[in-house]
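Asker: Quick one: structure below, then a few questions.
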């Protein structure tokens, strides 16, 4: 398909359009039927056309996806869960790459174009997970853009050698420096944050910190992080993931923290979990950028998940009572433009002159697509269809070199 | 397909089986490969085989499904929402039947075998909604069993003529007497409940009451209802829908109410909404039967919903942090055996000698089916496939005589 016109698609914010594509570029987006179409064309039948989804937070290195079903083992705190995870992953180590590939393929089939992947870097796994993710990124080039976060899942200050491993990870190609509950995982709020910010500054990289804390501990962390963003001149380059604590602050504390987050342009990632959630609408009204990611999918932390960004948008909308059309459109933004802003993707969006990357969704608008995400998608990357109509249509997406498993369970 | 064997299916609680079917009856369920298969057969490839789903609570008469997308209009309290709904439904009245038919067809395609449909009966709509639902039940006979609840959405004592309309509805073919927030909608706890219980007693029918209240008002309602169940000898015939208040009771009050519910065999219906939810695990541990229903789907109350019972089970599991395999299996029970118990369906389940009604799901077990519901299903009713593999495969399910609309949006 070096040249074609996709007729009668519907943009998120407007009426029906014809989209002219040539040589992997969108040549023109014009009102449907405003000019006769010459050459090959295809009727989208009024379907919604979106830019590729942005999945702002995932853990492909942890997933059991594509392999046997793994029952969830209930655990205690974060520490116990981390240990359980190590034991279970060790037992599955030969297929970690094929599981990550299987999940990445499914994500592309759902329309994902960019993924922020947190990769564990700890004394046990070392850089093995990172190396697998670098191979995955290379294999999926042209299909899926992968931003890799070097994620110190077992801490930095309290975990021998991790500071050096993180440094090496950034040198090898990780894009973003990760962090985790600075006050509790290392028991050293300043030590953890200083390590994270100094590393990011040395590599001119962004930061993405997992925060699960609540109450005064969370307040201290938000303030300490915001202070460092200002001191390091990193406005717009820092994201905080989960941030459950924002869902339980009193009005005065919430107002203070939201103001600081907005001022330092710190983005908040939410995946719509079971418990308290950062209040999406209230944050947006305070000028804070909020975005979403699928987080854990079928791993030792969480049995749920499909990898579908629209299903994620629905879950977050549901958890936040986003019901009106503008609210449902905001939920769609969490996996499109708002996630692109958080990840620093300036070229996201459909426009003439931009790459011919898009997703066709069987819905008549953004609100409908979020309220009842249709499973079937048509996904165009660089002017080529990489997935068509139905998830059961297999494509030529990359497979792991070690892959031997059956197709993923949706497709049996 | 008067005779066939479905080979290598997987039951919810066991290993692979061959299921022999003849003349719309399951002749035998035996370990896979335990006997040579003669005659026609089909390989299920290890897929999960379930009895038809039971959707324990739906409002087909309210849905906008199958028509144009209808933006959600935020409203105030229950009263305002009821008035908004009446206005919007009046504007759509010509297609109410086709919308209900479209949703019922989709439900069957997802594997639903039995549906409890609450139908509004109020001074404005009178019995028109009931009459439409009776026609739908007749049209879907053999595909979908419909239990009709005569639902006084605008109250009984305070709504002129509704008591008589309810009486007439039961005479015309409604199966269950509905009720709604007795203390607030009518402002007359005893008056509302007396009307409901007396009507049910006259028609030897079950009862299903919507309860949205919280705090002391809810406590008074649970106690008043349980007292009447005992007095009328209606143990096992009463369900309470939503019961949000159970999610906020203190431990002592919760223990008292759960004990009373268990003693009177009153079932609790939850659909996993945004706010407080009845705690599924705690109720089950107290011996209370809990079940689920899709509730509102794309109507003036709620924009979400697909009609898929497995997606419903996942939502309830997510809201209740049901994570382990036994917990996810419990979630599946909310739309299978537990819903069957609540609705009084003694013959639910797969067994030799039973009707050849079943659903094939592309998952390897109950936990996986709930954690990531595969959209594609194969649905067998009375030994005939009524839906195969993919939702986009249209079947010969009944259509409304007035239907003119395009296929439902998933299928455009």
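Protein chains in written order, with the numbering used here: chain A, 43 to 454; chain B, 43 to 454.
For each residue, glycine too, the CB sits at the ideal point set by N, CA and C.
Between which two residues does the beta strand (DSSP E) harbouring residue 285 (chain A) extend?
Answerer: Counting from one through the first chain, the residue named residue 285 (chain A) turns up at place 243. Careful: residue 285 (chain A) lies outside any beta strand (DSSP E) and carries neither H nor E.
Asker: Can you list the residues of chain B that residue 367 (chain A) reaches, using a CB-CB cut of under 8 angstroms?
Answerer: The residue you call residue 367 (chain A) lines up with position 325 of the first chain. Correct list: 113 and 114.
Asker: Could you name each continuous alpha helix (DSSP H) segment of 4 residues or more that falls completely within the segment 212-254 of chain B, going from the start of the chain to the end?
Answerer: 224-227 and 231-245
Asker: Pop quiz: residue 409 (chain A) and residue 345 (chain B) are said to be a contact at Cβ under 8 angstroms. What is the actual Cβ separation, rounded to whole angstroms?
Answerer: As a position in the first chain, residue 409 (chain A) is number 367, starting the count at 1. As a position in the second chain, residue 345 (chain B) is number 303, starting the count at 1. The beta-carbon separation of residue 409 (chain A) and residue 345 (chain B), rounded to 7 angstroms, stays under the 8 angstroms limit for a contact.
Asker: In this structure, how does DSSP classify residue 137 (chain A) when only helix, strand and coil are distinguished?
Answerer: Working through the first chain from its first residue, we reach residue 137 (chain A) at position 95. Residue state, collapsed to three classes: helix.
Asker: Have a look at residue 65 (chain A) and residue 396 (chain A) and give me their C-alpha separation to the nearest angstrom.
Answerer: Taking the first residue of the first chain as position 1, residue 65 (chain A) is located at position 23. Taking the first residue of the first chain as position 1, residue 396 (chain A) is located at position 354. Cα to Cα, residue 65 (chain A) sits roughly 11 angstroms from residue 396 (chain A).
Asker: Can you pull the DSSP bridge partners for residue 420 (chain B)?
Answerer: As a first step, residue 420 (chain B) is located in the second chain; it is residue number 378 there, counting from the start. Its beta-bridge partners are B:402.
Asker: Scan the segment 307-380 of chain B and note each continuous beta strand (DSSP E) run of 3 residues or more that stays entirely inside, going in chain order.
Answerer: Counting only unbroken stretches of 3 or more residues, the beta strand (DSSP E) elements lying wholly within the segment 307-380 of chain B are 309-312 and 332-334, in sequence order.
Asker: Our contact map puts residue 326 (chain B) next to residue 319 (chain B) with C-beta atoms below 8 angstroms; I'd like the distance itself, whole angstroms only.
Answerer: Translated into the one-based positions of the second chain, residue 326 (chain B) becomes position 284. Translated into the one-based positions of the second chain, residue 319 (chain B) becomes position 277. That pair is no contact at about 13 angstroms.
Asker: Kindly say whether residue 351 (chain A), judged by its beta-carbon, lies nearer than 7 angstroms to any beta-carbon of chain B.
Answerer: Residue 351 (chain A) sits at position 309 when you count from the first residue of the first chain. Judged by the 7 angstroms Cβ criterion, residue 351 (chain A) is not in contact with chain B.
Asker: Of the choices B:237, B:414 and B:300, whose alpha-carbon is the least far from that of residue 460 (chain B)?
Answerer: No answer is possible for residue 460 (chain B): it lies beyond the span of chain B, which begins at 43 and ends at 454.
Asker: Verify the CB distance criterion: does residue 334 (chain A) have a CB-CB separation below 7 angstroms to chain B?
Answerer: By 1-based counting over the first chain, the position of residue 334 (chain A) is 292. Residue 334 (chain A) does not count as touching chain B.
Asker: Could you please give me the residues that DSSP links to residue 92 (chain B) through a beta bridge?
Answerer: On the second chain, position 50 is the one that residue 92 (chain B) refers to. According to DSSP, which records beta bridges pairwise, residue 92 (chain B) is partnered with B:401.
Asker: Please report the straight-line C-alpha distance between residue 277 (chain B) and residue 286 (chain B), rounded to a whole angstrom.
Answerer: Residue numbering aside, residue 277 (chain B) sits at position 235 when the second chain is read from its first letter. Residue numbering aside, residue 286 (chain B) sits at position 244 when the second chain is read from its first letter. One C-alpha to the other measures close to 22 angstroms.
Asker: On the DSSP bridge assignment, give the partners of residue 429 (chain B) in chain order.
Answerer: Translated into the one-based positions of the second chain, residue 429 (chain B) becomes position 387. Its beta-bridge partners are B:421.
Asker: When the Cα atoms are used, what is the spatial distance from residue 417 (chain A) to residue 354 (chain B)?
Answerer: Against the first chain, residue 417 (chain A) aligns to sequence position 375. Against the second chain, residue 354 (chain B) aligns to sequence position 312. Cα to Cα, residue 417 (chain A) sits roughly 16 angstroms from residue 354 (chain B).
Asker: Using the Cα positions of residue 126 (chain A) and residue 106 (chain A), report the straight-line distance between them to the nearest angstrom.
Answerer: By 1-based counting over the first chain, the position of residue 126 (chain A) is 84. By 1-based counting over the first chain, the position of residue 106 (chain A) is 64. If you take the alpha carbons of residue 126 (chain A) and residue 106 (chain A), they lie about 14 angstroms apart.
Asker: Taking Cβ positions only, does residue 410 (chain A) come closer than 7 angstroms to chain B?
Answerer: For the purposes of this step, residue 410 (chain A) is identified with residue 368 of the first chain, where counting begins at 1. Yes, because at least one Cβ of chain B sits closer than 7 angstroms to the Cβ of residue 410 (chain A).
Asker: Between the segment 229-239 of chain A and the segment 266-283 of chain A, are three or more C-beta pairs nearer than 8 angstroms?
Answerer: Yes: at least three Cβ pairs fall under 8 angstroms.
Asker: Tell me whether the beta-carbon of residue 248 (chain A) lies closer than 7 angstroms to the beta-carbon of residue 279 (chain A).
Answerer: As a first step, residue 248 (chain A) is located in the first chain; it is residue number 206 there, counting from the start. As a first step, residue 279 (chain A) is located in the first chain; it is residue number 237 there, counting from the start. Result yes, Cβ atoms of residue 248 (chain A) and residue 279 (chain A) sit closer than 7 angstroms.
Asker: As a quick exercise: from B:299, B:381, B:274 and B:366, pick the residue whose alpha carbon is nearest that of residue 264 (chain B).
Answerer: As a position in the second chain, residue 264 (chain B) is number 222, starting the count at 1. It is B:299 whose Cα lies nearest to the Cα of residue 264 (chain B).
Asker: Residue 413 (chain A) touches chain B at which residues, Cβ-Cβ below 8 angstroms?
Answerer: The sequence position of residue 413 (chain A) within the first chain is 371, counting from 1. Those within 8 angstroms of residue 413 (chain A) in chain B are 340, 345, 346 and 347.
Asker: Keeping to the same chain, check which residues put their C-beta closer than 8 angstroms to that of residue 290 (chain A); ignore five residues upstream and five downstream.
Answerer: Start at 1 with the first residue of the first chain, and residue 290 (chain A) comes out as number 248. Taken in chain order, the residues that qualify are 256, 257 and 318.
Asker: One question on the structure: do residue 342 (chain B) and residue 77 (chain B) come within less than 7 angstroms of each other, judged by their Cβ atoms?
Answerer: Stepping through the second chain from its first residue, residue 342 (chain B) is reached at position 300. Stepping through the second chain from its first residue, residue 77 (chain B) is reached at position 35. Contact: no.
Asker: Throw me the rounded Cβ distance for the residue 281 (chain B) and residue 383 (chain B) pair, which I believe falls under 8 angstroms.
Answerer: For the purposes of this step, residue 281 (chain B) is taken as the residue at position 239 of the second chain. For the purposes of this step, residue 383 (chain B) is taken as the residue at position 341 of the second chain. The Cβ separation is near 10 angstroms, so there is no contact.
Asker: Name the residues in the segment 312-328 of chain B whose C-beta lies less than 7 angstroms from a C-beta of chain A; which are they?
Answerer: So the close ones are 316.
Asker: Note down, in chain order, each residue of its chain lying with its Cβ closer than 6 angstroms to the Cβ of residue 245 (chain A), except the 5 sequence neighbours on either side.
Answerer: Translated into positions along the first chain, residue 245 (chain A) becomes position 203. Cβ neighbours of residue 245 (chain A) beyond the five flanking positions: 212.
Asker: Any Cβ of chain B within less than 7 angstroms of the Cβ of residue 407 (chain A)?
Answerer: Here residue 407 (chain A) corresponds to residue number 365 of the first chain, with the count starting at 1. Yes, residue 407 (chain A) counts as interfacial toward chain B.
Asker: Would residue 103 (chain A) and residue 171 (chain A) qualify as a contact pair, given that the criterion is a beta-carbon distance under 7 angstroms?
Answerer: Your numbering for residue 103 (chain A) matches position 61 in the first chain. Your numbering for residue 171 (chain A) matches position 129 in the first chain. Their beta carbons are under 7 angstroms apart, which means residue 103 (chain A) touches residue 171 (chain A) by this criterion.
Asker: Can you pull the DSSP bridge partners for residue 47 (chain A)?
Answerer: As a first step, residue 47 (chain A) is located in the first chain; it is residue number 5 there, counting from the start. Per DSSP, A:62 and A:83.
Asker: Is there contact between the segment 43-52 of chain A and the segment 75-93 of chain A, where contact requires at least three CB pairs shorter than 8 angstroms?
Answerer: yes
Asker: Could you run through the segment 54-66 of chain A and flag, in chain order, every residue whose CB is less than 9 angstroms away from some CB of chain B?
Answerer: none
Asker: For residue 68 (chain B), which three-state DSSP category applies?
Answerer: Here residue 68 (chain B) refers to the residue found at position 26 of the second chain. If DSSP states are grouped into helix, strand and coil, residue 68 (chain B) belongs with the strands.
Asker: Does the segment 114-121 of chain A come close enough to the segment 151-166 of chain A to have 3 or more Cβ pairs within less than 8 angstroms?
Answerer: no
Asker: Please determine whether the Cβ atom of residue 132 (chain B) lies at a distance below 6 angstroms from any heavy atom of the ligand FAD.
Answerer: For the ligand FAD, the structure offers nothing, since it holds no ligand at all.
Asker: Considering only residues of the same chain and omitting the five flanking positions on each side of residue 179 (chain B), which have a CB-CB separation below 6 angstroms?
Answerer: Mapped onto the second chain, residue 179 (chain B) falls at position 137. Cβ within range, chain order: 188.
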